[in-house]
Every structure is written in structure tokens, then in C-alpha cells.
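Report on the following structure.
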Amino acid sequence: MSRNSYTSLYPVTSFLLLLNGGFFALQVITERSIDPGTVLLDLGAIHGRSIHNGEPWRLISGTFLHGPWWHIAVNCMALHSLGRFLEPLLSKSKFFSIYMLRALGGSIASYSWPALELRTESLSDLVSVLLGQQPPTGSPEAVGNFVHHMSVGCSGAVFGLFGLILVYFIKQRHPGLRPMLAQFFPLFILFAFVFPMFGIHIDHAAHIGGFVIGGICGLTVANYATSETSLRWRIPAGLTGLLMIACLAMAVFSFGSKHWGWN
Numbered sequence: 016m017s018r019n020s021y022t023s024l025y026p027v028t029s030f031l032l033l034l035n036g037g038f039f040a041l042q043v044i045t046e047r048s049i050d051p052g053t054v055l056l057d058l059g060a061i062h063g064r065s066i067h068n069g070e071p072w073r074l075i076s077g078t079f080l081h082g083p084w085w086h087i088a089v090n091c092m093a094l095h096s097l098g099r100f101l102e103p104l105l106s107k108s109k110f111f112s113i114y115m116l117r118a119l120g121g122s123i124a125s126y127s128w129p130a131l132e133l134r135t136e137s138l139s140d141l142v143s144v145l146l147g148q149q150p151p152t153g154s155p156e157a158v159g160n161f162v163h164h165m166s167v168g169c170s171g172a173v174f175g176l177f178g179l180i181l182v183y184f185i186k187q188r189h190p191g192l193r194p195m196l197a198q199f200f201p202l203f204i205l206f207a208f209v210f211p212m213f214g215i216h217i218d219h220a221a222h223i224g225g226f227v228i229g230g231i232c233g234l235t236v237a238n239y240a241t242s243e244t245s246l247r248w249r250i251p252a253g254l255t256g257l258l259m260i261a262c263l264a265m266a267v268f269s270f271g272s273k274h275w276g277w278n
């Protein structure tokens with residue numbers, strides 16, 4: 016393999032794109048015989064009732080699933096652009112760790128947002144509902160929105176990377192980040208304003224959650240985009256990788272148990 020090949024220069028970005036593409040291929044194959052909505056639900060989409068009932072691994076697996084072809088195409092183009100720019104600057108370990116942290120932040124925001132309409136007396140009660148320790152209560156519409164909420168896609172993590180770039184640029188006036196901001200801003204407008212005008216459902220909670228986590232990292236870490244790889248980032252990256260593998264394995268096993276006769 017050439018040292019200048021895409022996979023050699025951007026191994027983590029390549030790996031993430033491969034996982035997204037692999038799961039989308041699995042979706043397309045299985046959707047020939049199974050309803051598309053059922054495929055997404057059973058393959059690990061972020062789903063209110065399922066997470067509440069004890070399937071937290073969906074907070075990770077759902078970020079590797081997508082809807083129509085244009086959904087994964089737009090997300091993967093954004094990941095490709097941001098990954099090529101950020102991975103060499105952040106280092107492989109740090110880039111993977113912060114990507115997964117933003118993905119998780121977006122998923123938690125997506126899962127939690129409908130719960131804000133529920134009837135809870137305190138923040139601790141709301142947290143108990145989200146952790147599955149209490150049943151959701153409130154109006155039938157609010158409970159229905161919470162338990163039936165379903166979301167997929169890696170755009171929460173992508174918006175997190177954009178949040179890091181934006182906040183770091185504002186804080187440090189890093190000139191090298193200006194081209195990436197100009198390149199990604201039209202995509203931000205597309206997701207935030209254009210798609211909703213055509214009736215396309217956009218999970219803004221996931222985007223906000225990922226963006227906020229990314230912004231916090233860009234705000235609190237000095238010289239974030241120029242620091243070198245260190246052992247303290249390799250350990251979180253390894254643990255994060257194990258968590259990701261476990262969550263994706265649970266998703267595939269759950270799907271196989273329901274549709275392929277796995278026991």
C-alpha cells in the first residue's frame with residue numbers, strides 16, 4: 016500500500032467511511048425482503064422505547080445507520096472533507112476519540128429532546144426516565160413522541176467536528192481553518208434551512224448536541240488542532256474503539272436474532 020494512499024494518510028476517516036458504507040450496504044440488501052423502517056429499527060437505530068427499555072448501545076449503532084442514499088452521501092462527503100483536514104492535525108487517536116464523543120453527544124441529545132415534553136417534577140426524575148428507571152408520564156402525545164422517536168445518521172458527529180473548528184477558529188484566529196469553515200458552511204445552511212423547507216425531517220437535536228460538544232472541546236483545549244499524538248489519547252481511543260465494536264456487535268446480533276435465526 017502506498018504511503019500516500021488515502022487509507023494511509025487518513026486511516027481513521029477511511030475506517031469510519033467504511034463502517035458507514037458497510038452498514039448502508041447491509042440495509043440495502045436486507046430491505047429487499049424486510050420493510051426499510053423495520054430494518055433501521057432492528058439494526059440499531061436511536062429509538063426512544065428501545066433505549067428506555069435497556070438498549071443503550073443504540074446511541075452508538077444509530078450513528079452508523081442512514082436513511083435514503085442521499086442521506087449517507089451528504090454525511091459521508093462532509094465526513095470525508097472534515098476528516099482529511101482534521102485527522103492529520105489532531106492525530107489518529109485524538110480524532111477518533113473526539114469523533115465518537117460527538118457522535119454520542121448528538122445521540123444523547125436526540126434521545127433526550129422528546130423527553131422534555133414529558134411530565135417530570137425535577138431534573139432527577141427526567142434523568143430517571145431517560146435511564147429507564149421510571150416510565151414516561153404526561154400527555155399521550157408527549158409519551159408517544161418519546162417512545163416512538165427514531166433517528167439515524169452520523170451528522171451529529173459531523174456537526175461536532177464543525178463546532179470544534181468554528182470555536183477554535185474564533186478563539187485562536189487559526190488561519191488554516193478558514194477554508195474548511197467556508198467549505199462546510201453551505202452544508203450547514205442546507206441541513207438547517209433548505210431541507211426542512213421541502214418537508215425533509217432533520218434531527219436538529221442531534222446536530223445541536225454534537226455541535227455543543229465539539230464547541231466545548233474547541234474552547235477548552237489550548238492549541239487543540241496542532242497538538243501531537245500522546246499516550247494519554249491512545250488509551251481513550253482504544254477504550255472508545257472497544258465500546259464502538261461492542262455496540263455495533265450488539266446491533267448486528269440483535270438483527271440476526273430477529274431475522275436470521277441467531278440464538
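Just so you know, the sequence shown maps onto residues 16 to 278 in our numbering.
No residue lacks a Cβ here, since even glycine has one placed at the ideal position from N, Cα and C.
Counted as a single uninterrupted DSSP element, the stretch harbouring Gln148 is not any alpha helix (DSSP H), since DSSP gives it neither H nor E.
The beta carbon of Met115 sits closer than 7 Å to the beta carbons of Thr255, Met259 from its chain, once the five residues preceding and following it are set aside; these are given in chain order. Straight across, the Cα-Cα distance linking Lys273 with Pro83 is about 23 Å. The residue from Gly36, Leu192, Gly77, Val43 with its alpha-carbon nearest to that of Leu56 is Gly77. Bridge partners of His86 according to DSSP: none are assigned. His222 carries a helical assignment under DSSP once its states are collapsed to helix, strand and coil.
Comparing C-alpha distances from Ile87 to each of Trp277, Leu33, Pro251 shows the shortest one belongs to Leu33. For Ser127, the three-state secondary structure derived from DSSP is helix.
Look at His62 here: in three-state DSSP terms it is strand. Membership of Tyr25 in any alpha helix (DSSP H) is not indicated, and neither H nor E is assigned to it by DSSP. Per DSSP, the continuous alpha helix (DSSP H) segment holding Ser170 begins and ends at 170–187. Judged by DSSP secondary structure, Phe161 falls within the alpha helix (DSSP H) whose first and last residues are 155–163.
In terms of Cβ geometry, Gly171 and Gly229 do not form a close pair [threshold 7 Å]. Beta-bridge annotation (DSSP): Ser166 is paired with Ile61.
Judged by their CB atoms, Leu105 and Leu176 are not nearer to each other than the 7 Å cut-off. For Leu74, the enclosing alpha helix (DSSP H) starts and ends at 73–76.
In the structure shown, Asp50 adopts coil according to DSSP, grouped into three states. Counting only the Cα atoms, Cys232 lies some 12 Å from Ser112.
CA-CA distance, Leu257 to Gln42, rounds to 23 Å. Taking each of Ala197, Gly168, Val167 in turn and checking the Cα distance to Leu181, the smallest one comes out for Ala197. Put simply, the backbone Cα of Ala261 is about 32 Å away from that of Thr152. Its chain contains Leu58, Gly59, Trp72, Ser76 as the residues whose beta carbon lies nearer than 7 Å to that of Ala266, once the 5 sequence neighbours on both sides are disregarded; these appear in chain order. The criterion of a C-beta distance shorter than 7 Å is satisfied by Ser122 and Ile61. Under the three-state reduction of DSSP output, Arg193 falls in the helix class.
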